[in-house]
Ligand SMILES: [Zn+2]
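Residue numbers (our numbering): 599 to 817.
In structure tokens:
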């Protein structure tokens, strides 16, 4: 732990300089399946690729709890157990969509991909960057969705349950995502993860325990 203004942290075996971290530990632990720059010290295990901003985090906690609370209704209608929303800086919802892989027979239809596609359709542009939009999602984006987010112009990602826990609870394969916190930081995309994990895990357990589909291509 260090609050040194010129502190260095090990980040995927690279030494990089970081700015001052007040009230948050710098960490080299792998708490979100990647090395992370910042970890909340209050044991909420929130991780970010920027100095944690309490205002952004509080807003994200409220939104993700709300998405988790709504997920049961989507699941009851045949959706997969993931819900995403694209929201602007004033709180306007550009899109809100669940995973529809099974119901629409399309392996691309993860919640995040659906949300990006709907936001782009609503705004009439393939480039969301000028709209300063954030993506909120109940679980960590998978390998495909990280690519989709990167090319969409989304400026920030806030997610709930980390992929490692999604895989442990459900058996879904989240893919491989080397250095994605750092790669997103390099591209100007903020990431906050492990937000309201307990509530998110409960929804995933319910999904599995009620015998819902955990789909995988046969390999
Ligand atoms: Zn995905």
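Just so you know, even glycine gets a beta-carbon here, dropped at the ideal spot from N, CA and C. Given the structure is predicted, the values throughout are model-derived calculations rather than measurements.
| Query | Result |
| --- | --- |
| First and last residue of the uninterrupted alpha helix (DSSP H) at residue 768 | 761-768 |
| Own chain partners of residue 612 with C-beta closer than 8 Å, once the 5 adjacent residues on each side are dropped | Note that residue 612 scores 34 on pLDDT, short of 50, meaning its location in the model is unreliable and no value can be drawn from it. |
| Three-state secondary structure (DSSP) of residue 744 | helix |
| Reference residue 711; option with closest CA among 791, 746 and 774 | 746 |
| Expected contact under 8 Å - CB spacing of residue 717 and residue 755 to nearest Å | About 13 Å; that fails the 8 Å criterion. |
| When 733, 795 and 655 are compared against residue 690, the one with the closest alpha-carbon | 733 |
| Residue nearest to residue 729 in terms of C-alpha spacing, selected from 703, 698, 692 and 713 | 692 |
| Any residue whose CB is nearer than 6 Å to a heavy atom belonging to ligand 2, listed in chain order | Ligands displayed in this structure: ligand 1; ligand 2 is not among them. |
| Cα-Cα separation between residue 548 and residue 654, rounded to whole angstroms | For the chain, the structure presents residues 599 to 817; residue 548 sits outside this window and is missing. |
| Extent of the continuous alpha helix (DSSP H) to which residue 798 belongs | 795-807 |
| Rounded separation between residue 547 and residue 720 - CA only | Nothing can be reported for residue 547: it is not among the residues displayed for the chain, which extend from 599 to 817. |
| Between the CA atoms of residue 760 and residue 790 - distance to the nearest angstrom | 11 Å |
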